[in-house]
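The opening residue of the sequence shown carries number 653 in our numbering; numbering runs sequentially from there.
Each residue gets a CB set at the ideal place from its N, CA and C atoms; glycine is no exception.
See structure below.
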Amino acid sequence: MVPEEFSDPASKPTNDIPLPPLRSSSQTVDDNVARLVQAGLQDLERRRRELQQEIEQLERRRDRIQAEMRTTFAGTSQDLAMRLQGFKDYLVGSLQDLATSAEQLDLAPPAVPPSPEPGRPSGGRPGQPGGATFQEEPPGNLSTTAFSIQRFEEQRERVRSLIDQYRTRPDYYGPPWQMRRTFETVHADRVSNWFFTQGGRGAVTSLGSRLQNVVVASGAISALYAIYGDRLCNMVLANTPERLGEWRRWLQDCLGISRADFGTNRGLMLFESPESMVQRAERLMENGYLPMLIIDESENNLPLAALRFPLWLVFAPDLANPAQDDYYYQS
């Protein structure tokens, strides 16, 4: 008998079932990773669309709120607060000036003026009743303080030197009434033209910003103060308290002065009414002071009487670059 292990395998019955071909494990892993990546991309795309929709909703809400702010009281409250702050600064400074002036009032009876010499006409303004005319000039010969080229010839070099110093060697910690801000060529050109071409009496084109105009005016004031000292009285005319508050604040910054330098008969004076400014300038000239009139570009009503004073500086609007009120843009 043939051993079983040596028998013919074909003669043995078999129950084996054929198996499908096996796939490699690496191909299975790749398929799983591809499915995960595809699912992740779909989830990211869905989230991106949701975020895009939320962003669009927020932008529409922002635009709606901005439109409401521009048309409702809630939107104008910030501008109103800025205006009130400017008026507060102006009012506080004016009250302080009033208190200081009240303390300095001389309540003694006025001295009786001496009678005029025989044959000598009494003093008065031309055109007043009686045909009286000035016979004596106030101290300092104010009738010759207009800066014509002939009158100003001996001081031309000093003023040029001061303007050049402000432009090239600024002193940010100098004494009061000296220019303390950056004084650029555009400012120096306007001040030089006002001194040497217009003779200290004329209009300069606005720089489109009240702050820049204050820098120009401060350069002229500083140079004049170096020549005339406390005799110089600067008078600023603007038609709203907010604009006067800006002039006060920026003049203090440019010239290194304090509120004590603002007064009714000294230093710097602020006016909303051109008639009041002209009347004060007349009294100052009668008392021997030298008034300098500075007119903000927003002022449209300038009396002709202001043009007869020896010093006046008017900022003319630049039609190509209209100015904007700076307090609208403060934070």
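Going by DSSP, what residue range makes up the alpha helix (DSSP H) through I947? No alpha helix (DSSP H) holds I947; the beta strand (DSSP E) holding it covers L942 to I947.
Member of V868, W846 and E809 whose CA lies at the smallest distance from the CA of T834: V868
Look up L794 in the DSSP assignment and say whether it is helix, strand or coil. With a pLDDT of 45 at L794, under the threshold of 50, the modelled position of that residue is not reliable, and the figure given next carries that caveat. Reduced to three states, the DSSP call for L794 is helix.
Is the segment 901-918 touching the segment 949-963, taking contact as three or more C-beta pairs under 8 Å? no
Going along the chain, which residues of its own chain have a beta-carbon closer than 8 Å to the beta-carbon of E924, five neighbours each way excluded? L889, A890, N891, T892, P893 and L896
Helix, strand or coil for R918? Go by DSSP, reduced to three states. coil
For a test of the three-state rule: what should DSSP assign to N865, helix, strand or coil? helix
Going by beta-carbon coordinates alone, are C906 and P943 separated by less than 8 Å? no
Is A933 buried or exposed, if buried means 16 or more other CB atoms sit within 10 Å of its CB? buried
Helix or strand or just coil, what does DSSP make of G738? helix
I'd like to check one pair, R853 with W964: are the Cβ atoms closer than 8 Å? yes
So, with DSSP's three-state summary, where would you put R832? coil
Using only CA atoms, which one of D882, E720, Q704 and E836 lies nearest to N939? D882
If you count every other CB in all the chains shown that lies within 10 Å of the CB of I717, and 16 or more means buried, which is it? exposed
Curious, which full-length alpha helix (DSSP H) runs of at least 4 residues does the segment 867-940 contain? 893-907 and 926-938
Paired residues, beta bridge with A968 - DSSP: T857
On the DSSP bridge list, what partners appear for L963? M944
Do V843 and A872 have their C-beta atoms within less than 8 Å of each other? yes
Could you give the residue range of the alpha helix (DSSP H) that holds E951? Where E951 is concerned, there is no enclosing alpha helix (DSSP H), given that its DSSP letter is neither H nor E.
Below 8 Å on the Cβ atoms is my contact criterion, and I expect S874 with M831 to pass it. Report the Cβ-Cβ distance as a whole number of Å. 4 Å
Does R900 have its Cβ less than 8 Å from a Cβ in chain C? No chain C appears in the structure shown, which is made up of a single protein chain.
Would you grab the beta carbon distance between F967 and S861 for me? Rounded to a whole angstrom, and I think it's under 8 Å. Between S861 and F967 the Cβ distance is about 11 Å, and since that is not below 8 Å, they are no contact.
Leaving out five residues on either side along the sequence, give the residues of the same chain with a beta carbon under 8 Å from the beta carbon of D715. none
Quick one: residues in its chain with C-beta nearer than 8 Å to the C-beta of P822, no 5 flanking neighbours on either side, listed in chain order? M831, R832, R833, T834 and F835
Along the alpha helix (DSSP H) that carries N973, what are the first and last residues, could you check? First-last for N973: undefined, no H or E at that position.
How long is the line joining the alpha carbons of A686 and E697, rounded to whole angstroms? 16 Å
For a quick check, are the C-beta atoms of L903 and V866 less than 8 Å apart? yes
Extent of the continuous alpha helix (DSSP H) run through Q694: S677 to T723
Under three-state DSSP, which class holds Y825? coil
Cβ-based neighbour list, I879, same chain, cut-off 8 Å, excluding 5 preceding and 5 following: Q807, R810 and V811
First through last residue of the alpha helix (DSSP H) which encompasses Q807: From DSSP, Q807 is part of no alpha helix (DSSP H); its letter is neither H nor E.
Could you give the C-beta distance for W829 and Y877, rounded to a whole number, given that I count them as a contact under 8 Å? 4 Å
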